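Under the working numbering, the sequence shown is numbered contiguously, ending at residue 243.
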Amino acid sequence: MKVSAVALVAILVMSLVSSCFAGHTNSKISPGAKMTLHLDDYQKKRKCETLPTFASWGDIQRRKNIAELSDFDVVVVVFDYGTGITGVEYGLTWPGAWLSAITTPCGEFQIGDIADPGDGIAITWSTCVSGDFYFPVAWSVLSPSGTGHITLVENPVTGFMGVTDCDFVEDYADTAYNAAINVAPDSVYAEPTTWGSIKAMFK
Numbered sequence: 041m042k043v044s045a046v047a048l049v050a051i052l053v054m055s056l057v058s059s060c061f062a063g064h065t066n067s068k069i070s071p072g073a074k075m076t077l078h079l080d081d082y083q084k085k086r087k088c089e090t091l092p093t094f095a096s097w098g099d100i101q102r103r104k105n106i107a108e109l110s111d112f113d114v115v116v117v118v119f120d121y122g123t124g125i126t127g128v129e130y131g132l133t134w135p136g137a138w139l140s141a142i143t144t145p146c147g148e149f150q151i152g153d154i155a156d157p158g159d160g161i162a163i164t165w166s167t168c169v170s171g172d173f174y175f176p177v178a179w180s181v182l183s184p185s186g187t188g189h190i191t192l193v194e195n196p197v198t199g200f201m202g203v204t205d206c207d208f209v210e211d212y213a214d215t216a217y218n219a220a221i222n223v224a225p226d227s228v229y230a231e232p233t234t235w236g237s238i239k240a241m242f243k
């Protein structure tokens with residue numbers, strides 16, 4: 041029996057969608073996993089290996105005072121993530137008047153990209169990985185036009201923000217700390233109820 045190219049594409053798409061929903065069905069509220077943004081000076085030739093390290097929470101910088109249109113790096117950091125992770129997923133917003141971002145993930149694979157406010161990304165590794173207690177997983181270069189907040193949000197495609205653990209189970213981040221330029225950071229994101237997370241998958 042011959043299968044047309046259109047039918048084959050349809051089968052592959054349905055398979056991918058089923059896999060995505062199966063993954064979120066197995067999601068759980070993590071007892072720990074948290075995320076934060078760290079604001080760092082722009083480095084033109086930055087690599088994942090040269091991302092900052094954090095000995096304590098006091099090393100996390102969530103407010104930065106800089107001139108307009110001066111590039112800076114927004115580093116995404118996970119912590120309290122258990123023994124390791126195989127993936128991380130999130131969205132990022134900032135004032136629409138600012139320029140677009142250039143985002144570099146530190147995983148082996150990525151789905152999506154963060155270039156404009158509200159974009160989302162999924163970063164994955166083929167094996168369980170871990171770093172220090174504070175584990176930087178990606179960074180975005182931004183140029184502010186005035187004051188504003190940079191906020192971690194759910195990936196708009198999946199409604200998920202958090203990590204995938206070493207058993208390949210998605211753990212919703214129960215807390216996410218945001219950042220700001222020239223003003224105090226806004227309120228901390230708190231994980232919604234389990235039912236709210238489930239409903240977000242079908243929006």
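Positions of the beta carbon are idealized from the N, C-alpha and C atoms, including for glycine. Quantities reported herein were computed from a predicted structural model and do not represent experimental measurements.
Starting from the Cα of residue i, find the closest Cα among the options and give me that residue.
i, options, result
"S140", "I125, D214, D111 and G127", "D111"
"D159", "L91, D99, G136 and A216", "G136"
"D81", "N195, Y212, S183 and G199", "S183"
"P225", "Y121, I100 and W138", "I100"
"H189", "I142, I221 and V209", "I221"
"F208", "V223, T126 and F173", "T126"
"G199", "G131, W138, P145 and D113", "G131"
"P145", "T93, V181 and V223", "V181"
"C31", "P196, S185 and P176", "It is not possible to answer for residue 31, since the shown part of the chain is limited to 41 through 243."
"V115", "R102, Y121, G122 and A107", "R102"
"V118", "H78, S166, A107 and S185", "H78"
Taking the beta carbon of residue i as the centre, do at least 16 other beta carbons fall within 10 Å, making it buried, or is it exposed?
i, result
"V228", "exposed"
"E148", "exposed"
"N105", "exposed"
"A95", "exposed"
"M54", "Per-residue confidence for M54 stands at a pLDDT of 34, beneath the threshold of 50, marking its modelled position as unreliable; the derived number appears in the next sentence. Exposed is the call here."
"W138", "buried"
"A216", "buried"
"D113", "buried"
"A219", "buried"
"A178", "buried"
"L109", "exposed"
"T187", "exposed"
"T76", "buried"
"T65", "Interpretation of T65 is limited by its pLDDT of 35, a score under 50 that renders its predicted location unreliable; the figure taken from the coordinates is listed afterwards. Flag for T65 reads exposed."
In its own chain, which residues sit with a C-beta less than 6 Å from the C-beta of residue i, not counting the 5 before and 5 after it?
i, result
"T133", "P157, G158, T191 and V193"
"T164", "G127, G147 and F149"
"Y121", "A73 and V203"
"Y174", "F94, V117 and F119"
"S166", "E148"
"I151", "A162"
Enumerate in chain order the residues of its own chain whose CB-to-CB distance from residue i is below 7 Å, with the five nearest sequence positions on each side excluded.
i, result
"G202", "S70, A73, E129, E210, D211, Y212 and A213"
"V49", "Low per-residue confidence applies at V49: pLDDT is 35, beneath 50, and the placement is therefore not dependable enough to give any value."
"A107", "none"
"L91", "V115, P176 and W179"
Between which residues of its own chain and residue i is the CB-CB distance below 8 Å, once the five residues before and five after are set aside?
i, result
"G124", "C168, V169, S170, D205 and C206"
"D153", "T143, D159 and I161"
"D172", "T93 and F94"
"R86", "D113, T144 and W179"
"A155", "S140, A141, I142 and T143"
"P196", "G131, G158, D159 and G160"
Next item on the list: Taking only runs that begin and end inside the region 131–182, name each unbroken alpha helix (DSSP H) of 4 or more residues, in chain order.
Entry: none
Checklist line | alpha helix (DSSP H) runs contained entirely in the region 103–132, provided each spans 4 or more residues | finding: Within the region 103–132, no complete alpha helix (DSSP H) run reaches 4 residues.
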